[in-house]
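Beneath this line is the structure, given in structure tokens, with notes to follow.
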Amino acid sequence: MLRQWLRRKMPDQATLRQHRTLRLFGERLLEPDYWFCNRHSAAVAVAAGLFAAWLPLPMHTLVAIALALMLKGYMPLAIAMVWVNNPVTLAPMFYLGYRLGAHLLGTPELDFDGPLEEEALAAALPLLTGCLLLGLGSALLGWLLVQLGWRAKVLFSWWLRKVNRKP
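What follows is the structure in structure tokens.
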């Protein structure tokens with residue numbers, strides 16, 4: 020059901036070929052392997068999208084696309100997972116990343132009462148550290164949940180077939 024909905028919503032290859040930003044990935048982006056969903060490609064796509072969503076950088080989608088290309092992930096799902104980070108969740112996610120990084124690095128939390136440039140530089144290392152760790156953790160958890168969920172769905176389908184076959 021999700022696959023059919025994604026197929027209807029995704030642009031065709033001609034539109035992707037003409038997109039100015041996506042040209043940097045070349046023809047590799049249009050290979051069929053990246054547009055076919057199976058257990059491996061879905062798990063990799065979720066991991067790539069979740070990792071990219073935690074990065075405190077602009078252009079999360081391009082990072083997710085690059086990771087999905089390197090790891091042979093399902094492109095539409097990788098792009099969709101980036102939207103975990105949206106205007107509503109952006110501040111809490113990055114605050115959590117900053118707090119984790121500051122705790123792990125043993126740096127005191129900033130009050131942000133000085134010049135903005137100095138405060139931003141002081142917050143950069145804890146923010147990057149925390150966000151990278153949370154990104155890796157959520158990517159691993161997302162990959163694992165997709166693998167387990169897919170396997171559970173297959174086992175449940177087998178069980179249903181077995182139950183329905185008995186007279």
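Just so you know, we're using our numbering here: the sequence shown kicks off at 20 and counts up by one. For each residue, glycine too, the CB sits at the ideal point set by N, CA and C. Computed from a predicted model, the values in this text were never measured in an experiment.
Contact between the region 151-159 and the region 104-119 is present: three or more C-beta pairs spanning the two stretches fall below 8 Å.
When C-alpha distances from leucine 109 are compared across Leu74, Ser157, Gly161 and Arg47, the shortest belongs to Leu74. In the structure shown, the three-state DSSP call for phenylalanine 55 is coil. When secondary structure is reduced to three states using DSSP, lysine 91 falls in the coil class, being assigned neither helix nor strand. Secondary structure of proline 111 (DSSP, three-state): helix.
Threonine 126 places its beta carbon 9 Å or farther from that of proline 95. In the three-state scheme derived from DSSP, where H, G and I count as helix and E and B as strand, lysine 28 is classed as helix. When secondary structure is reduced to three states using DSSP, glycine 125 falls in the coil class, being assigned neither helix nor strand.
The closest CA to that of tryptophan 54, considering only Trp177, Asp130, Ile98 and Tyr114, is found on Ile98. Ranking Asp52, Cys56, Pro111 and Ala72 by CA distance to the CA of glutamine 23 puts Cys56 first. Histidine 79 and valine 182 have their C-alpha atoms spaced approximately 45 Å apart. Methionine 100 sits close to alanine 67, with the two beta carbons spaced by under 9 Å.
In the structure shown, methionine 78 adopts coil according to DSSP, grouped into three states.
Excluding five sequence positions before and after serine 157, the CB atoms of its chain that fall closer than 6 Å to its own CB belong to Leu69, given in chain order. Nearest neighbour of leucine 88 by Cα position, chosen from Gln166, Glu50 and Arg184, turns out to be Glu50.
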